[in-house]
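Written out below as structure tokens is the structure these notes cover.
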Amino acid sequence: MSRWFDFDLARRELPGILRKAAVRSAILAVLGVFLMVGIAYAASAGDPTGSATGTAVDVVAKTAGSPTVAEIAQDLGHLKVGTNMFFVIVGVALIFFMQAGFMLVETGFCRAKNAAYVAGMNLGIFTIGALVYWLVGFGLQMGGAGALGTLGGAGGLSGVFEVAKGWGIFGTKGFLLGGSSYDVGIAAMFLFQLVFMDTSATIPTGAMAERWKFSAFAIYGAWMAGIIYPVYAMWVWGGGWLAKLGVNVGLGHGVLDFAGSSVVHAIGGFVGLAGILVIGPRIGKFNKDGSPNAIPGHHIPMAILGTIVLVFGWIGFNGMSTLAATDFRFTMIITNTILAAVAGSFAAWMLVWKLWGNPDPSMIANGMLAGLVAITAPCAFVNPTGAVIIGLIAGVLVVGGVVFVERVLKADDPVGAVAVHGFNGLWGMIALGLFADGTYGDGFNGVSGAVKGLFYGGGFGQLGAQLIAVVVVVAWAFGLGWTFFKLQDRLQPGGIRSTAEDELAGLDATEMGVLAYPDFAGSSTLGGGSGTEVSNGPAHPASAHVASPVTAGGEV
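The sequence shown: position 78 = 77 (numbering that gives the first Met the number 0), numbered continuously.
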């Protein structure tokens, strides 16, 4: 074959041939790109700026392109209500994401052998609570709320049980979202109120963690979503008797709680307090003389991440409680929320650093959460300076609160939930009666004029209403909580507390049947025991422990 084909010549010429081919291909590719660009620009132009998109043709009208004034008004109303509904649903998403934050905070502040158990409670409470709230809770809470003005004015929530005219106790419509409550606006309200209920019901899962039977927790979830939360929420948000204290007896605008310092947080915090007093402390938490031992959480970075997630979600929790994108006060509400959060974190951080020599990251986190809880009621009614003051006081209060719970009450709260949510929920209600500056709230609860607190010339009226709510929420949440847990502990076989053997082994293995960290040395094997995480005793050297530093999870 070599007689007809010169292989040596081919080897010499081939690189040159390939180079020429590559150059020609590149030139053709460039020409192709220019050709396509030219065709694109030669085609009819679209509307790249959007200036011509949305015309009279897009208005729903009998004669396309020529809408009447009435038809324009109708379309504008749809647009306004639709914008508000979308605003509310974005809020639902943000608030629901707070569940992830609570799971991270609670799991991080608890021990590794209970991580799957704590995470399971944080998901399970939504599963149980949502169904029960749909069945009965929403109707009890919002069944008498009346027309939902910002969400289309649906009038399906018009049933209320009253002990006297204007003294509503619970709603009588809205159950199962059927009948007249089968409505798009009511559905939006249901979803918004659902995630608030979920937040409240989650709080005791942290306070009672690491020794609570999962079966007992499940029964609690149904009771919380079906009775204790919605009834008090109706009194404040559903047109109930507390909201009508302004109209009925002249106390300011009646009880105001813009986004839930009492309705959500104090309810959860004081139910949690009742629970930890009934269930008792974790094994090894207290010595025979009553002195406490630190039981550090297993993952502080996880808890810090959870706090950041909660701040993110709180933007919707407070800001979107206007229920209207057209109420521009939401920007000030969010600003106040963030300022109070950082002020609370700063105050707690500086206080524990001064008292015990270390800037405990768990208290930096709990201080931030305390500031958020405290600003939740007054966020719409105060100015930024007031928000910072409220947050600073909340940061101090949360440190004192965890000391009080542990040293005075001799109660065991692994995550500091009672101090964060319970005590600061009350402070938030009082703060509204003090710092409301008279720039917002005209017409709230049927009372004309903006809301003014004591420090802005409002007198005792609004503060008086807020103080009544403080007494009522403690009596309702703690009283019913303690009664419920006592009865459940007596009636449920084996009580509401896990056995000592299960607690020592870890509730991942014994309650859940799955380990969060199967390869982690500190976790128990399924069905086995572990004494390595029962009690670490004093978490600091003897000389340091005398100062009783605040430890992970807000314990002292």
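The C-beta atom is built at its ideal place from N, Cα and C for all residues, glycine as well.
For residue i, three-class secondary structure by DSSP
{"i": "Phe160", "result": "strand"}
{"i": "Lys284", "result": "coil"}
{"i": "Arg11", "result": "helix"}
{"i": "Phe101", "result": "helix"}
{"i": "Leu250", "result": "coil"}
{"i": "Leu130", "result": "helix"}
{"i": "Phe169", "result": "strand"}
{"i": "Asp436", "result": "strand"}
{"i": "Lys212", "result": "coil"}
{"i": "Arg496", "result": "strand"}
{"i": "Leu255", "result": "coil"}
{"i": "Ala242", "result": "coil"}
{"i": "Pro229", "result": "helix"}
{"i": "Leu147", "result": "strand"}
{"i": "Ala449", "result": "coil"}
{"i": "Pro358", "result": "coil"}
{"i": "Ala153", "result": "strand"}
{"i": "Pro203", "result": "helix"}
{"i": "Pro300", "result": "helix"}
{"i": "Arg18", "result": "helix"}
Check whether residue i and residue j have beta carbons under 8 Å apart
{"i": "Gly356", "j": "Ala393", "result": "no"}
{"i": "Met97", "j": "Leu309", "result": "yes"}
{"i": "Ala376", "j": "Met301", "result": "no"}
{"i": "Ile266", "j": "Tyr228", "result": "yes"}
{"i": "Asp127", "j": "Ala221", "result": "For the record, residue 127 in the displayed sequence is Ile; it is not Asp. Contact: yes."}
{"i": "Asn423", "j": "Val381", "result": "no"}
{"i": "Val104", "j": "Val414", "result": "yes"}
{"i": "Phe169", "j": "Met223", "result": "no"}
{"i": "Gly274", "j": "Arg496", "result": "no"}
{"i": "Leu244", "j": "Ala464", "result": "yes"}
{"i": "Ala217", "j": "Ala515", "result": "no"}
{"i": "Trp563", "j": "Gly366", "result": "Residue 563 lies beyond the range of the chain shown here (0 to 555); nothing can be said about it."}
{"i": "Ala416", "j": "Ala186", "result": "no"}
{"i": "Val277", "j": "Trp481", "result": "yes"}
{"i": "Gly312", "j": "Gly100", "result": "yes"}
{"i": "Phe195", "j": "Val263", "result": "yes"}
{"i": "Ala373", "j": "Gly400", "result": "no"}
{"i": "Trp240", "j": "Gly167", "result": "yes"}
{"i": "Met102", "j": "Ala118", "result": "yes"}
{"i": "Leu624", "j": "Val469", "result": "An answer regarding residue 624 cannot be provided, because it is not within the stretch 0 to 555 covered by the chain."}
{"i": "Ser157", "j": "Gly178", "result": "no"}
{"i": "Glu510", "j": "Phe213", "result": "yes"}
{"i": "Ala340", "j": "Phe86", "result": "no"}
{"i": "Leu368", "j": "Thr306", "result": "yes"}
{"i": "Ile71", "j": "Val58", "result": "yes"}
{"i": "Ala364", "j": "Ile303", "result": "yes"}
Whole-number beta carbon distance between residue j and residue i, since they are thought to touch under 8 Å
{"i": "Leu175", "j": "Phe189", "result": "Contact doesn't hold; Cβ gap of about 11 Å is too wide."}
{"i": "Ala559", "j": "Thr438", "result": "Limits of the chain in this structure are 0 at one end and 555 at the other, which puts residue 559 out of reach."}
{"i": "Asn83", "j": "Thr149", "result": "5 Å"}
{"i": "Ala242", "j": "Phe316", "result": "With 8 Å as the limit, Ala242 and Phe316 do not qualify as a contact, their Cβ atoms being about 20 Å apart."}
{"i": "Phe137", "j": "Gln192", "result": "6 Å"}
{"i": "Pro131", "j": "Gly225", "result": "Looking at the sequence shown, residue 131 is not Pro but Val. Going by Cβ atoms, the distance from Val131 to Gly225 rounds to 4 Å, so yes, they are a contact pair."}
{"i": "Leu255", "j": "Gly460", "result": "Not quite, the Cβ-Cβ distance comes to about 11 Å (not below 8 Å), so this is no contact."}
{"i": "Arg281", "j": "Arg210", "result": "5 Å"}
{"i": "Thr346", "j": "Val270", "result": "Contrary to the premise, residue 346 reads as Ala rather than Thr in this sequence. In fact, because the Cβ distance is near 26 Å, the residues do not count as touching under 8 Å."}
Assigned exposure category for residue i - 16 Cβ within 10 Å defines buried
{"i": "Ala628", "result": "In the structure displayed, the chain extends from 0 to 555; residue 628 sits before or after that span and is not available."}
{"i": "Ala69", "result": "exposed"}
{"i": "Thr54", "result": "exposed"}
{"i": "Asn121", "result": "buried"}
{"i": "Val398", "result": "buried"}
{"i": "Pro358", "result": "exposed"}
{"i": "Ser320", "result": "buried"}
{"i": "Ser260", "result": "buried"}
{"i": "Thr62", "result": "exposed"}
{"i": "Pro203", "result": "buried"}
{"i": "Gly146", "result": "The question names Gly, yet the displayed sequence has Ala at residue 146. Result: exposed."}
{"i": "Gly184", "result": "buried"}
{"i": "Val248", "result": "exposed"}
{"i": "Pro66", "result": "buried"}
{"i": "Val162", "result": "exposed"}
{"i": "Gly45", "result": "exposed"}
{"i": "Gly31", "result": "exposed"}
{"i": "Ser361", "result": "buried"}
Residue i beta carbon near the ligand FAD (any heavy atom closer than 7 Å)
{"i": "Ile16", "result": "Here there are no bound small molecules, and the ligand FAD is not part of this structure."}
CB contact below 8 Å: residue i versus chain B
{"i": "Asn382", "result": "Any reference to chain B falls outside this structure, which holds one protein chain only."}
ask   = What alpha helix (DSSP H) runs, 4 residues minimum, are completely inside the stretch 363-410?
value = 383-402
request  = May I have a chain-ordered list of the alpha helix (DSSP H) segments no shorter than 4 residues that lie completely inside the stretch 43-68?
outcome  = none
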